[in-house]
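First comes the structure, then the notes that go with it.
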């Protein structure tokens, strides 16, 4: 790759990205993610010098859910849904002291708000809506 794309400008060219990605993908098939991380860190620290590339192992979803840190920071939350039972979900991102975030509901079935929409935004009265339901219009 270094010979084909010698400068950073060559490597950042959008039209050259597919070839670069294919080469990296082909090379990386021979190694685990931990081995690749070790090679990059070894190159950065021992050959090139510190402070060149920030690297870290990526956690998968299961590992994130099992990490207490995310729960303590309020990134994840648990809620109870009448249809699905207890579910884990992403908590609101913002954290404010005067107005703490809240989750109104965990999940809503399709059509749960139809009555509200018909009445508030479409001006359909309760009697009309009830009639439509009896006649299987809605």
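Numbering (the working numbering), first residue to last: 1092 to 1229.
Just so it is clear, CB atoms sit at the ideal spot from N, CA and C, and this is done for glycine as well.
Requested in this report: To the nearest angstrom, report how far apart residue 1093 and residue 1125 are at their CA atoms.
Outcome: About 23 Å.
Query raised in the report: Under the rule that 16 or more other beta-carbon atoms within 10 Å means buried, what is residue 1182, buried or exposed?
Result: Looking at its Cβ environment, which holds 16 or more other Cβ atoms inside 10 Å, residue 1182 is buried.
Report task. Would you check if the distance between the CB atom of residue 1148 and the CB atom of residue 1180 is smaller than 7 Å? Result -> With contacts defined as CB atoms closer than 7 Å, residue 1148 and residue 1180 fail to qualify as a contacting pair.
Requested in this report: Look at residue 1194 and residue 1170 and say whether their C-beta atoms are less than 7 Å apart.
Outcome: In this structure, residue 1170 lies closer than 7 Å to residue 1194 by Cβ.
Query raised in the report: Which one of 1208, 1137, 1165 and 1159 has the shortest CA to CA distance from residue 1186?
Result: With distances taken between Cα atoms, residue 1186 lies closest to 1165.
Query raised in the report: Tell me the DSSP bridge mates of residue 1182?
Result: Beta-bridge pairing links residue 1182 to no other residue.
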